[in-house]
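Q: I have a structure here, written as structure tokens, and I will follow up with some questions on it.
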Amino acid sequence: MLRGAITIALLLAAWEYFARSGIFSRAITPPLETIAVALVSMIADGSIFRHTLATMLRVAIGLAIALAIAIPLGMLMGRYALWERILRPAVAVLMPIPSLAWVPLVVLWFGIGNVATVLIVVYASTFSLLYNVWMGVKTINPIWVRAAQVMNAHGWRLFRHVIWPAALPSIITGIRLAFGRAWIAVIGGELLASPQWGLGKLIFDAKEFLNADTMLAALFVIGVLGLFFERVVFQLLERATVNRWGMASGARR
Amino acid sequence: MAKRIDLRHVTLRYVTDTREVLAVDDVSFTVAESEFLCLLGPSGCGKTTIMNMIAGFLSPTHGDVLIGGARLDGTKHDRGVVFQDFAQLFPWRTARRNVEFGLEMRNVPKAQRKDTALEFLRLVGLADFADVYPHQLSGGMQQRVAIARAIAYSPGVLLMDEPFAALDAMTRDEMQRLVNDVWQETKKTVVYVTHNVAEAVYLGDRVVVLDAHPGRVKAEIPLDLPRPRDPLSATFVEAQRTILGHLGMQH
Chain U
95 MLRGAITIAL
105 LLAAWEYFAR
115 SGIFSRAITP
125 PLETIAVALV
135 SMIADGSIFR
145 HTLATMLRVA
155 IGLAIALAIA
165 IPLGMLMGRY
175 ALWERILRPA
185 VAVLMPIPSL
195 AWVPLVVLWF
205 GIGNVATVLI
215 VVYASTFSLL
225 YNVWMGVKTI
235 NPIWVRAAQV
245 MNAHGWRLFR
255 HVIWPAALPS
265 IITGIRLAFG
275 RAWIAVIGGE
285 LLASPQWGLG
295 KLIFDAKEFL
305 NADTMLAALF
315 VIGVLGLFFE
325 RVVFQLLERA
335 TVNRWGMASG
345 ARR
Chain Y
17 MAKRIDLRHV
27 TLRYVTDTRE
37 VLAVDDVSFT
47 VAESEFLCLL
57 GPSGCGKTTI
67 MNMIAGFLSP
77 THGDVLIGGA
87 RLDGTKHDRG
97 VVFQDFAQLF
107 PWRTARRNVE
117 FGLEMRNVPK
127 AQRKDTALEF
137 LRLVGLADFA
147 DVYPHQLSGG
157 MQQRVAIARA
167 IAYSPGVLLM
177 DEPFAALDAM
187 TRDEMQRLVN
197 DVWQETKKTV
207 VYVTHNVAEA
217 VYLGDRVVVL
227 DAHPGRVKAE
237 IPLDLPRPRD
247 PLSATFVEAQ
257 RTILGHLGMQ
267 H
């Protein structure tokens with residue numbers, strides 16, 4: 095935690111040095127103080143919260159849809175060869191396409207707005223999640239399944255009580271990756287599919303007026319939120335589950 | 017509650033890339049109700065394969081496996097299984113919740129489930145470790161939880177596949193005493209797979225000695241030594257000598 099703080103302090107100091115070095119004009123590389131002022135003014139008028147909330151909502155809805163698609167399909171693929179045969183080619187074709195490449199088409203179909211942006215987020219996050227659930231279920235220790243089956247766990251109960259918890263380490267990794275991709279996609283989606291609010295939109299609008307301080311303030315907020323989810327939300331989730339069960343890699347004996 | 021097991025002319029063949037393998041060749045034997053039967057043989061004799069067929073993990077190519085006089089149908093299991101691998105416990109459940117698993121699948125109410133689980137954890141000497149996760153337990157303790165889990169939901173037969181092979185010698189002796197005590201208390205029908213002659217003589221009412229490549233029954237040796245058995249007594253050593261003779265390893 096302390097080491098992380100030192101790294102961040104060094105990064106900020108390096109920026110400050112660069113900003114004041116005069117390589118670029120102050121207008122396009124503003125020092126920390128100017129960025130802070132921009133941030134504070136956006137906090138004061140509440141606009142930053144509105145932008146952040148809009149972005150977070152798109153990520154949350156997109157991720158929720160991705161989870162609803164990827165978890166059941168990934169489990170079926172990992173467990174049943176038939177489902178794997180049917181879906182594997184589709185995954186192989188769709189997964190490598192960058193989600194932002196879909197933006198023009200999605201905008202064509204659904205117009206500019208929330209639907210388009212959320213769909214981009216769904217596309218970006220579904221596949222890494224699906225892949226992790228699929229592989230996680232496939233590589234479960236078969237002895238757990240056998241032990242459960244002799245004790246009459248079949249069908250839904252086998253999924254609920256054995257396959258789900260057994261695959262949870264991979265599923266959490268999948269959610270982590272999916273979150274990262276969703277976060278990238280939402281900013282890109284907001285830039286290109288331009289709804290009214292959102293951190294991506296904020297950056298794009300600021301560009302029109304060469305407000306580098308606003309852009310950097312928005313980047314700062316994006317960074318802080320990413321850090322918060324990675325270090326707080328996901329770590330708590332892991333601590334309550336896989337770490338506690340001794341299933342996290344490294345803690346395994 | 018204990019059920020008898022019949023194997024009738026059980027044969028298992030499987031095909032690899034290059035050839036067909038006869039793993040188990042026309043094996044027949046019966047395990048009486050509440051009998052403790054040891055399946056003993058060198059590696060490659062198909063003892064684990066036979067156990068997997070009794071457990072329903074594999075189907076014989078020919079022949080029948082009957083439990084309580086009925087054929088296995090794949091879904092209605094009435095068997096408790098203890099594997100060699102310590103990883104058989106569900107790491108996401110505490111010791112008690114592991115033992116409760118089979119009861120949960122039988123829709124036993126929560127309070128009753130808990131009581132039963134604690135009772136069986138007490139039977140294997142782990143009452144104080146009920147709320148501990150498997151990764152916090154030693155290998156021997158994990159196997160004890162596995163035994164408690166396998167018998168807690170009161171199966172007709174208990175199958176054990178070299179459950180102590182990966183333990184150190186001292187812990188293994190302790191576990192064998194425990195299995196003996198638990199069996200005398202619960203009187204399950206037990207099939208116990210091992211390659212350890214002393215272990216078979218310590219635990220079995222009867223030892224079925226298997227031959228390897230292909231797996232066949234070579235001899236059936238009844239053991240009527242009084243329990244608990246004394247591994248240093250003359251009769252115990254004599255029984256080991258007889259079995260070693262059948263294995264073709266007598267010096």
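As given, the protein sequences belong to chains U and Y, one line each in that order. Under this note's numbering, residues 95 to 347 are what the first sequence spells out, in order. Under this note's numbering, residues 17 to 267 are what the second sequence spells out, in order. Every residue, glycine too, gets a C-beta built ideally from N, C-alpha and C.
1) Could you spell out where the alpha helix (DSSP H) holding residue 260 of chain Y opens and where it closes?
2) In angstroms with no decimal places, state the Cα-to-Cα distance between residue 265 of chain U and residue 227 of chain U.
3) Is residue 96 of chain Y helix, strand or coil when you go by DSSP?
4) From the DSSP output, which residues share a beta bridge with residue 23 of chain Y?
5) Under the rule that 16 or more other beta-carbon atoms within 10 Å means buried, what is residue 250 of chain U, buried or exposed?
6) Determine whether the Cβ of residue 30 of chain Y lies closer than 8 Å to any Cβ atom of chain U.
7) Would you list, in chain order, the members of the stretch 329 to 342 of chain U that have their beta-carbon closer than 9 Å to a beta-carbon of chain Y?
8) Whose CA, out of U/293, U/181, U/212, U/166, lies closest to the CA of residue 154 of chain U?
9) Going by the DSSP bridge assignment, what does residue 223 of chain Y pair with across the sheet?
10) How many Å lie between residue 215 of chain Y and residue 62 of chain Y at the Cα?
11) Please identify the residue among U/206, U/276, U/340 whose C-alpha is closest to the C-alpha of residue 262 of chain U.
12) Would you kindly report the start and end of the unbroken alpha helix (DSSP H) that includes residue 225 of chain U?
13) What's the call for residue 189 of chain U, buried or exposed, on a 16-neighbour Cβ count within 10 Å?
14) Please classify residue 327 of chain U: is it buried, with 16 or more other beta-carbons within 10 angstroms of its beta-carbon, or exposed?
15) Starting from residue 356 of chain U, trace the beta strand (DSSP E) both ways and give me its first and last residue.
16) Quick one: Cα of residue 321 of chain U to Cα of residue 110 of chain U, how far?
17) Round the Cβ separation of residue 38 of chain Y and residue 29 of chain Y to the nearest angstrom and send it over; I've been treating them as touching at under 8 Å.
18) I need the boundaries of the beta strand (DSSP E) containing residue 337 of chain Y, first residue and last residue.
19) Between residue 293 of chain U and residue 219 of chain U, how many whole angstroms is the CB-CB distance? I'm expecting something under 8 Å.
20) With 16 as the cutoff for other CB atoms within 10 Å, does residue 134 of chain U come out buried or exposed?
21) Could you name the residues of chain Y that residue 124 of chain U contacts, counting a contact when the two beta carbons are closer than 8 Å?
22) Compare the Cα-Cα distances from residue 152 of chain Y to each of Y/106, Y/186, Y/169, Y/18 and report the closest residue.
23) May I ask you to check if the CB of residue 119 of chain U is nearer than 7 Å to at least one heavy atom of the ligand GTP?
24) Use the C-beta contact count for residue 139 of chain Y: other C-beta atoms within 10 angstroms, 16 or more gives buried, fewer gives exposed.
25) Within a Cβ cutoff of 6 Å, which residues of the same chain sit near residue 223 of chain U, ignoring the five residues on either side of it in sequence?
26) Mind checking who residue 205 of chain Y pairs with in its DSSP beta bridge?
27) What residues of chain U sit near residue 69 of chain Y, judged by a beta carbon separation below 8 Å?
28) Work out the CA separation of residue 243 of chain U and residue 329 of chain U for me, nearest whole Å.
29) Nearest to residue 238 of chain U by CA position, among U/130, U/256, U/201, U/206, is which residue?
30) At the 8 Å Cβ level, is residue 198 of chain U part of the contact set with chain Y, yes or no?
31) Between residue 226 of chain U and chain A, is any beta-carbon pair separated by less than 8 Å?
32) Would you kindly report the start and end of the unbroken alpha helix (DSSP H) that includes residue 66 of chain Y?
33) Check for me: the alpha helix (DSSP H) holding residue 131 of chain Y runs from which residue to which?
34) Show which residues of chain U have a CB atom less than 7 Å away from the CB atom of residue 101 of chain Y.
35) If you check the beta carbons only, do residue 224 of chain Y and residue 53 of chain Y fall under 8 Å apart?
36) Hey, how far is the Cα of residue 201 of chain U from the Cα of residue 310 of chain U?
A: Working from what's here:
1) 250 to 263
2) 5 Å
3) strand
4) Y/45, Y/81
5) exposed
6) no
7) 335, 336, 338, 339, 340, 341
8) U/212
9) Y/54, Y/237
10) 18 Å
11) U/340
12) 208 to 232
13) exposed
14) exposed
15) Nothing can be reported for residue 356 of chain U: it is not among the residues displayed for chain U, which extend from 95 to 347.
16) 21 Å
17) 5 Å
18) Given a span of 17 to 267 for chain Y in the structure shown, any question on residue 337 of chain Y remains unanswerable.
19) Contact doesn't hold; Cβ gap of about 17 Å is too wide.
20) exposed
21) None at all; the shortest Cβ gap to chain Y is about 50 Å.
22) Y/106
23) By its list of ligands, the structure shown contains no ligand whatsoever, and the ligand GTP lies outside what it can speak to.
24) buried
25) 160, 164, 268, 272
26) Y/173
27) Correct list: empty, because the minimum Cβ distance to chain U is about 13 Å.
28) 32 Å
29) U/256
30) no
31) The structure shown contains no chain A; its protein chains are U and Y.
32) 63 to 71
33) 126 to 139
34) 237
35) yes
36) 27 Å
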